[in-house]
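Chemist: In terms of our numbering, the sequence shown opens at residue 2 and continues consecutively.
Cβ coordinates follow ideal geometry from the N, Cα and C atoms, glycine included.
Take this structure, written in structure tokens, and hold onto it; I'll ask about it next.
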Amino acid sequence: MKLRGIELRRVSMPLVSPFRTSFGTQTERDILLIKAVTDDAEGWGECVALADPLYSAEYVDSQQDVLRRFVLPRLAAHESQAALARFGAAAVAGLLHAVKGHRMAKAAVEMAILDAELRPLGRSFGRELGAVADRVPSGVSVGIHDSIPQLLAAVEGYLDEGYARIKLKIEPGWDLAPVAAVRDRFGGDVPLQVDANTAYTLRDARHLAKLDAYDLLLIEQPLEEEDVLGHAALARELATPICLDESVVSAQTAAAAITLGACQIINIKPGRVGGYLEARKIHDVAAAHGIAVWCGGMLETGLGRSANIALSALPGFTLPGDVSASDRFYRTDITEPIVLVDGHVPVPTGPGLGVTPVPELLERVTTSVEWIDF
Ligand SMILES: CC(=O)N[C@@H](Cc1ccc2ccccc2c1)C(=O)O
Ligand SMILES: [Mg+2]
């Protein structure tokens, strides 16, 4: 495989409804897409960084800048091209090791190169990663609402659509009441979990322990990203399993968090951890420790969503992921929409990602295109 160049494309996608979390409210998604052009294929990657550094230190302009100035020039270098020609996408992480952080940028370029490598081979992401299912259960992430009735109406709609699991965003002041209301209205059998996106501190332990009454699958990232020891202390106070999201940025940090007792479950997001190949490593480390994993979501288009579904088909992904249908967030996706069928989404079987952008739909949402020649 010889890389001829990379296209950096920004698209602006309006959300079907505002999505509020403990770190803010989003009404549209400014997404950086990457197209890797090689001698014999085009591959697509999606950078999951938000417009602002509110979920992690990355933000979309910073990822485009770090790609343009540091990541892509390294991959264009003669010795990198030789390694890519011989080893393909497996070589990308090592070639970029000297560039600190910016995992979402690295993940996106690795994804595009892997897609370009697999397409000519007729090999799917699922086949490459080790998928063992042809469909996976689909969970849905429900934002913070202005009132309990509005929350219940949203949850009712998703349950009617057949979603296999409900995840509620929580924050101080919006936690026990929404959880109790959902349990009261829909009963104890609905698979239910919460996500705080780092909004609490260890001083909230006794308050968070009240969630134990509601038989939740997990509580996701209650404390700040770097407070691994705090999560371990909290785990000793709660019956509800602790799931880490923001804190796990690699297989190494996953192993440390597991060893320190900071989590019993891990939300794996390929963009957050530097790519699908690192995500598979985390899956393997978790499996070795008996830790369940599931695939988190970053409001991806059908490109990232398809890759996430393929990853979700690995054997250790035993909990429903945030792999909702396209219409959870977008009226019109840039690919053929991913549709929920009986609470599941199908694992793509086509070459590479199995999907490509629909040109006219992509053009309609494109706000900029930049070509980096190799
Ligand atoms: C589906 C879900 O809850 N995702 C993230 C949080 C999140 C929340 C809001 C977002 C807005 C724009 C882009 C990505 C975003 C990710 C999470 O699991 O923590
Ligand atoms: Mg989360």
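#1: So which residues put a beta carbon under 6 Å from any heavy atom of ligand 2, going in chain order?
#2: Buried or exposed for Gly-291, going by 16 or more other Cβ atoms inside 10 Å?
#3: For Gly-251, collect the residues of the same chain with a Cβ closer than 7 Å to its Cβ; drop the 5 residues on either side in sequence, then sort them by chain order.
#4: So is the beta-carbon of Gln-27 under 7 Å away from any non-hydrogen atom of ligand 1?
#5: If you scan the stretch 20-79 from start to end, which runs of the alpha helix (DSSP H) of 4 or more residues do you find wholly inside it?
#6: Any contact of the stretch 301-310 with the stretch 156-167, i.e. 3+ C-beta pairs under 8 Å?
#7: Out of curiosity, what's the CA-to-CA distance linking Gly-297 and Ile-269?
#8: Out of curiosity, what's the CA-to-CA distance linking Asp-41 and Val-366?
#9: Relative to the C-alpha of Ile-259, which residue among Leu-245, Gly-272, Leu-239 is closest?
#10: On the DSSP bridge list, what partners appear for Leu-4?
#11: Touching or not, the stretch 336-347 and the stretch 127-143, by the rule of three or more beta carbon pairs under 8 Å?
#12: Please work out which residues of its chain come closer than 6 Å, Cβ to Cβ, to Gly-370, disregarding the five sequence neighbours upstream and downstream, and give them in chain order.
#13: Kindly indicate which residue of Glu-337, Gly-317, Gly-46 has the alpha-carbon position closest to the one of Ile-283.
#14: Is it the case that the CB of Met-14 approaches a heavy atom of ligand 1 more closely than 7 Å?
#15: So, helix, strand or coil for Met-14, using DSSP?
#16: With DSSP as the reference, identify every bridge partner of Asp-374, one or two as the case may be.
#17: For Pro-192, I'd like the list of residues in its chain whose CB is within less than 8 Å of its CB, leaving aside the five on either flank, ordered along the chain.
#18: Quick one, are the C-beta atoms of Ala-37 and Ala-117 less than 8 Å apart?
#19: Is the distance from the Cβ of Ile-35 to the Cβ of Thr-302 below 8 Å?
#20: Can you tell me the Cα-Cα spacing of Asp-66 and Pro-179, whole angstroms?
#21: Would you identify the three-state DSSP class for Asp-285, choosing helix, strand or coil?
#22: Considering only DSSP beta bridges, list what Cys-296 is partnered with.
#23: Which residues share a DSSP beta bridge with Val-141?
#24: Of all the options Ser-325, Val-342, Ala-314, Val-110, which has the alpha carbon lying nearest to the alpha carbon of Leu-130?
#25: Cβ of Tyr-56 versus every heavy atom of ligand 1: is any distance shorter than 7 Å?
#26: Does the Cβ of Gln-151 have 16 or more other Cβ atoms within 10 Å, making it buried, or fewer, making it exposed?
#27: Counting Cβ pairs closer than 8 Å, one from the stretch 51-66 and one from the stretch 88-97, do we hit at least three?
#28: Nearest-angstrom Cα distance between Asp-147 and Asn-198?
#29: On a Cα-Cα basis, can you pick out the residue from Pro-358, His-79, Leu-312, Ser-18 that is closest to Leu-4?
#30: Closer than 7 Å: is that where the CB of Met-105 sits relative to any heavy atom of ligand 1?
#31: Mapping DSSP to helix, strand and coil, what is Asp-213?
#32: Determine whether the beta carbon atoms of Phe-24 and Tyr-56 lie at a separation below 8 Å.
#33: Are the beta-carbon atoms of Gln-222 and Ser-248 separated by less than 8 Å?
#34: DSSP three-state call for Pro-347: helix, strand or coil?
#35: Under the criterion of a Cβ to heavy atom distance below 7 Å, does Ser-327 qualify as lining ligand 1?
#36: Which same chain residues, not among the five before or five after Ala-132, have their C-beta less than 7 Å away from its C-beta?
Modeler: Here's the rundown:
#1: Asp-196, Asn-198, Glu-221, Gln-222, Asp-246, Asn-268, Gly-297
#2: exposed
#3: Just to set this straight, residue 251 is Ser in the shown sequence, not Gly. Cβ neighbours of Ser-251 beyond the five flanking positions: Val-274, Gly-275, Glu-279.
#4: yes
#5: 61-67, 73-77
#6: no
#7: 6 Å
#8: 27 Å
#9: Leu-245
#10: Thr-39
#11: yes
#12: For the record, residue 370 in the displayed sequence is Val; it is not Gly. The answer, listed in chain order, is Arg-10.
#13: Gly-317
#14: no
#15: strand
#16: Gly-6
#17: Gly-140, Ala-165, Arg-166, Ile-167, Leu-218, Pro-321
#18: yes
#19: no
#20: 40 Å
#21: helix
#22: Ile-269
#23: Ile-167
#24: Ala-314
#25: yes
#26: exposed
#27: no
#28: 18 Å
#29: His-79
#30: no
#31: helix
#32: yes
#33: yes
#34: strand
#35: no
#36: Ala-311, Ala-314, Leu-315, Val-348
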